Amino acid sequence: MENDYIIGDTDIKRLIVKALEARERAYARYSQFKVGAALLAGRENYSDEAECVGGESDNNDKNANGYRVFTGCNIENSSYGATICAERAAVCNAVSSGYKDFKAIAIVGGLNSTGINGITYPCGICRQVLSEFSADMYVIAARSEDDYDMRRLSEFLPASFGAGQME
12 MENDYIIGDT
22 DIKRLIVKAL
32 EARERAYARY
42 SQFKVGAALL
52 AGRENYSDEA
62 ECVGGESDNN
72 DKNANGYRVF
82 TGCNIENSSY
92 GATICAERAA
102 VCNAVSSGYK
112 DFKAIAIVGG
122 LNSTGINGIT
132 YPCGICRQVL
142 SEFSADMYVI
152 AARSEDDYDM
162 RRLSEFLPAS
172 FGAGQME
């Protein structure tokens, strides 16, 4: 799906703040590396009045274009393969609420003891999951509201396998 959405500074900062808040809720018992994500998403072929059954449903959390923010945090498991990344948690949160029109995602991460001292990018699995919904969505990898790297997802995952190959 093509993303013609132009993201502004207000949305960028809002997503980073929400990702920082989500990071505080992470369950990183084993690695101590907490990650938070905030996904800007809209509805596709849904009435905006429809009940939001999951995720953040506060109407005050919509931006000027009616898009909502859905958050996620990493949830580790002693069986490492069962660990859920923050980005995929945010995707599940949005999709289960009927929002599949992804415009941008902000990601913040770092060790508990040192905080956020570097930029955290999505892992390969998260890149693939995000590309299912929008290869051109913005990915904002941040240290803070004013220190971030923003690119299109397609820059991270060129020539990706997608729904087009399944048709």
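Okay, so the sequence shown: first residue is 12 according to the numbering used here, each after it adds one. All residues carry an ideal CB built from backbone N, CA and C; glycine is no exception. Here the structure is a predicted model, which means the values were calculated and not measured.
Where does residue i land, buried or exposed, given buried means 16+ other C-beta within 10 angstroms?
i	result
Asn104	buried
Asn22	Correcting the residue identity first, residue 22 is Asp in this sequence and not Asn. By the 10 Å Cβ count, Asp22 comes out buried.
Pro133	buried
Arg99	buried
Thr131	buried
Ala93	exposed
Glu87	buried
Tyr110	buried
Met148	buried
Tyr38	exposed
Tyr41	exposed
Gly77	exposed
Gly175	exposed
Gly19	exposed
Near residue i, which residues of its chain fall below 7 Å by C-beta distance, leaving aside the five closest residues on each side in sequence?
i	result
Gly65	In this predicted model, Gly65 has a pLDDT of only 41, less than 50, meaning its place in the structure is not dependable; the value taken from the coordinates is given anyway. Around Gly65: Asn104, Ser107, Ser108.
Ser142	Leu164, Leu168, Ser171, Gly173
Glu67	Caution applies to Glu67, whose pLDDT of 45 falls short of 50 and renders its modelled position unreliable; the model cannot decide the point.
Which whole-angstrom value is the C-beta distance of residue i and residue j, which I expect to be below 8 Å?
i	j	result
Ala30	Ile118	6 Å
Asn34	Gly120	Inspection of the sequence shows that residue 34 is occupied by Arg rather than by Asn. Contact flag correct, Cβ pair sits at about 7 Å.
Keeping to the same chain, check which residues put their C-beta closer than 6 Å to that of residue i; ignore five residues upstream and five downstream.
i	result
Ile127	Val119, Gly121, Arg154
Ile95	Ile86
Ile27	Ala117, Ala153, Glu156
Gln43	Leu122, Asn123
Excluding sequence positions up to five away, which residues of its chain have a Cβ less than 8 Å from the Cβ of residue i?
i	result
Ile136	Cys96, Arg99
Tyr159	Ile23, Ile27, Ala117, Ile130, Ile151, Ala152, Ala153
Tyr91	Tyr41
Val140	Glu98, Arg99, Val102
Three Cβ pairs or more, each shorter than 8 Å: is that satisfied between the region 75 to 82 and the region 142 to 152? Below 8 Å, too few C-beta pairs join the region 75 to 82 and the region 142 to 152 to call them touching: fewer than three.
Quick check on the DSSP output: what are the complete alpha helix (DSSP H) runs of length 4 or more inside the region 150 to 174, in order along the chain? DSSP runs (the alpha helix (DSSP H)) wholly in the region 150 to 174: 164 to 167.
Quick one: which unbroken beta strand (DSSP E) runs of 3-plus residues sit fully inside the region 75 to 101? Chain order, please. Secondary structure remark: continuous beta strand (DSSP E) runs of at least 3 residues inside the region 75 to 101, in chain order: 79 to 84.
Secondary structure, beta strand (DSSP E): runs of 3+ residues fully inside the region 19 to 59: Restricted to the region 19 to 59, the beta strand (DSSP E) segments that are unbroken, complete and at least 3 residues in length are 44 to 54, listed in chain order.
Sequence ranges, alpha helix (DSSP H) only - wholly within the region 123 to 154, length at least 4: If we require 4 residues or more, the alpha helix (DSSP H) runs fully inside the region 123 to 154 come out as 135 to 142.
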